[in-house]
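The structure under discussion appears below in the form of structure tokens.
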Amino acid sequence: MANLTKQLVEKVAPSSGGGQAFIRDDQLTGLALRITPKGVKSFVFEGRIRGRMRRMTLGQYPAMTVARARDEVLKIKAAVTEGKDPADRRLEERAEIRFKGFADLYMERHAKQQKRSWKRDMQMIEGYLSKWHSRKLSDIRPEDVAQLHDKLGSQHGPYAANRTLALLRSMFNLARRWGHFKGDNPAQGIKFFPEKKRERFLSPDELKRVLEGLSAEPNKYWQAYFLLCLLLGPRRSELLSARWADVDLKQRQWSIPTTKSGRSHLLPLPEPAVATFEGLQDGDTGEFVFPGHGASGHLVEPKKAWQRIRAQAGVPDVTIHDLRRTLGSWLAASGESLTLVAKVLNHSSISTTQVYARLSLEPVRKALEANATQMLSLLSQLADPQEADSGAARQSGN
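If you're matching positions, the sequence shown starts at 160 in this note's numbering and goes up one per residue.
Quick look at the structure:
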């Protein structure tokens with residue numbers, strides 16, 4: 160027997176006899192270190208449980224420290240005192256679902272059933288959370304989530320970090336509701352990063368260059384896709400998955416069956432949009448406006464085409480979603496009401512459209528300009544009394 164310390168555990172060598180060796184702690188009865196002939200070191204508990212001698216492996220060194228092994232032995236002894244069998248608890252822990260298993264369950268039972276953005280959830284799970292796939296849910300601590308949130312914030316920006324944090328909160332809440340997790344939600348209580356709403360849109364000169372870039376695009380589908388993004392402002396997936404059955408060129412309207420808000424959206428088509436749709440019609444028109452060879456049957460990812468076009472146009476920081484924002488900005492700057500802009504962009508709340516409020520200043524500017532001219536004209540009348548008198552005479556004559 161010896162006092163098990165980190166120094167002792169690291170120094171001890173396998174037995175020369177070829178069998179397993181045990182070093183029992185002289186400070187805490189029941190704690191022992193097992194060393195295999197190959198030098199693998201593990202902490203074990205030895206003691207009587209319900210009258211029977213039992214030996215339970217606690218964990219391998221160095222993954223399990225001496226201090227943690229002591230804590231585990233104390234927990235086991237406390238459970239034995241209460242008449243419990245710690246082996247039952249350990250069997251439950253072994254059967255506990257892993258993160259990957261629950262992620263699959265979450266996708267099938269919840270995300271794909273209730274969320275239009277389920278593909279984004281899958282991307283976050285595979286892209287940002289894959290290192291947790293083999294971990295038990297109970298092994299994921301608040302500090303793990305906080306570190307991941309900070310890392311994603313620095314590498315991918317606050318939006319990606321916050322969306323991943325929100326996803327984890329939802330997943331752990333469901334895990335607890337479905338009986339796969341009993342602890343406190345490790346993603347709860349972690350503060351989201353501040354998010355600055357993006358307000359990027361194309362200026363007249365930038366828009367001209369983008370239109371020139373589109374006219375030079377050799378692929379007619381991508382040329383039409385980005386032009387319709389500018390003219391109609393749909394969300395990316397709504398236009399990519401557009402079906403000819405929903406486009407009525409005679410009535411000049413496009414019916415989007417399901418949108419992000421969960422409702423359908425009927426969008427009138429201006430003449431240039433009608434002409435653009437007509438340019439995509441072939442003799443044998445298929446199901447989709449933008450046909451593709453993948454499993455979906457339509458084009459899926461426009462990023463490469465957009466990078467090519469925006470590079471030629473000299474707007475490297477403009478995203479595809481900024482085209483939708485450009486339409487809203489130009490409508491607002493032309494004096495259209497925020498209610499109309501919200502209807503065009505199919506915003507479920509007018510608060511989403513408030514970002515365009517400061518752009519609808521031109522009508523206000525014109526009104527203030529006319530009013531200022533009228534008010535200050537009084538100064539010129541006061542400076543010329545004869546003009547003022549004649550003006551008064553004309554008013555009395557009326």
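Cβ atoms here follow ideal geometry from the backbone N, Cα and C, with glycine treated the same way.
Nonlocal neighbours in the same chain, by C-beta distance under 8 Å from residue i, ignoring five residues either side
{"i": "Ala375", "result": "Gln471"}
{"i": "Gly372", "result": "Ile468, Arg469, Gln471, Ala472"}
{"i": "Leu408", "result": "Leu428, Val433, Phe436, Glu437"}
Anticipated Cβ contact below 8 Å, residue i with residue j, distance rounded
{"i": "Asp405", "j": "Ser414", "result": "5 Å"}
{"i": "Arg558", "j": "Lys295", "result": "Not covered by the structure: residue 558. The range shown for the chain is 160 to 557."}
{"i": "Thr435", "j": "Ala383", "result": "5 Å"}
{"i": "Glu358", "j": "Val514", "result": "6 Å"}
{"i": "Leu482", "j": "Phe385", "result": "7 Å"}
{"i": "Arg322", "j": "Asn344", "result": "Not a contact, Cβ separation roughly 17 Å."}
{"i": "Phe352", "j": "Pro317", "result": "4 Å"}
{"i": "Leu428", "j": "Gln412", "result": "6 Å"}
{"i": "Ile235", "j": "Pro245", "result": "4 Å"}
{"i": "Gly312", "j": "Ala320", "result": "4 Å"}
{"i": "Lys379", "j": "Gly438", "result": "7 Å"}
Helix, strand or coil at residue i according to DSSP, with G and I counted as helix
{"i": "Met215", "result": "strand"}
{"i": "Val474", "result": "coil"}
{"i": "His480", "result": "helix"}
{"i": "Ile235", "result": "helix"}
{"i": "Arg183", "result": "strand"}
{"i": "Lys165", "result": "helix"}
{"i": "Arg558", "result": "The chain is shown only over 160 to 557; residue 558 falls outside these bounds and no answer can be derived."}
{"i": "Arg300", "result": "coil"}
{"i": "Arg257", "result": "strand"}
{"i": "Lys278", "result": "helix"}
{"i": "Lys295", "result": "strand"}
{"i": "Phe360", "result": "coil"}
{"i": "Phe340", "result": "coil"}
{"i": "Asp558", "result": "Nothing about residue 558 can be read from this structure; the chain reaches only from 160 to 557."}
{"i": "Asn530", "result": "helix"}
{"i": "Gly494", "result": "coil"}
{"i": "Glu437", "result": "helix"}
{"i": "Lys197", "result": "coil"}
{"i": "Ala228", "result": "helix"}
{"i": "Val171", "result": "coil"}
{"i": "Ala262", "result": "helix"}
{"i": "His269", "result": "helix"}
{"i": "Ile468", "result": "helix"}
{"i": "His315", "result": "helix"}
{"i": "Ala432", "result": "helix"}
{"i": "Tyr287", "result": "helix"}
{"i": "Gln513", "result": "helix"}
{"i": "Pro345", "result": "coil"}
{"i": "Glu371", "result": "helix"}
{"i": "Phe385", "result": "helix"}
{"i": "Glu397", "result": "helix"}
Identified DSSP bridge partners for residue i
{"i": "Phe204", "result": "Leu190, Met215"}
{"i": "Leu425", "result": "Ser414"}
{"i": "Phe447", "result": "Arg402"}
{"i": "Asp407", "result": "Gln412"}
{"i": "His457", "result": "Pro450"}
Cutoff 7 Å; reference residue i; Cβ partners in own chain excluding five residues on either side
{"i": "Gly451", "result": "His457, Leu458, Val459"}
{"i": "Leu391", "result": "Leu426, Ala432"}
{"i": "His424", "result": "Ile415, Thr418, Asn505"}
{"i": "His339", "result": "Ile256, Phe261, Leu296"}
{"i": "Met281", "result": "Met266"}
{"i": "Leu314", "result": "It should be pointed out that residue 314 corresponds to Gln in this sequence rather than to Leu. Result list for Gln314: empty, nothing under 7 Å."}
{"i": "Leu167", "result": "Ala161"}
{"i": "His269", "result": "Leu333"}
{"i": "Met223", "result": "Phe202, Leu217"}
{"i": "Leu537", "result": "none"}
Beta-carbon proximity list for residue i, same chain, < 6 Å, skipping 5 on both sides
{"i": "Pro377", "result": "none"}
{"i": "Gln186", "result": "Asn162"}
{"i": "Lys259", "result": "His292"}
{"i": "Arg214", "result": "Val203, Glu205"}
{"i": "Ala191", "result": "Phe181, Arg183, Val203, Glu205"}
{"i": "Met330", "result": "Tyr265"}
{"i": "Leu250", "result": "Here the model assigns Leu250 a pLDDT of 48, short of 50, so the residue's position is not dependable, and the following value carries that caveat. Within the same chain, Leu250 has no close Cβ partners at all."}
{"i": "Arg484", "result": "Phe360"}
{"i": "Trp381", "result": "Ala464"}
9 Å Cβ cutoff, residue i in contact with chain D
{"i": "Glu376", "result": "You won't find chain D in this structure, because it holds only one protein chain."}
- Message: Does the structure place the segment 225-233 close enough to the segment 304-318 that three or more beta carbon pairs sit under 8 Å?
- Response: No, the segment 304-318 does not touch the segment 225-233.
- Query: Does the count of Cβ pairs from the segment 174-183 and the segment 193-206 closer than 8 Å reach three?
  - Reply: Yes, since at least three Cβ pairs between the segment 174-183 and the segment 193-206 fall closer than 8 Å, the two stretches touch.
- Is the segment 460-480 in contact with the segment 489-497, if contact means three or more CB pairs nearer than 8 Å? The count of Cβ pairs closer than 8 Å, one atom from the segment 460-480 and one from the segment 489-497, stays below three, leaving the stretches out of contact.
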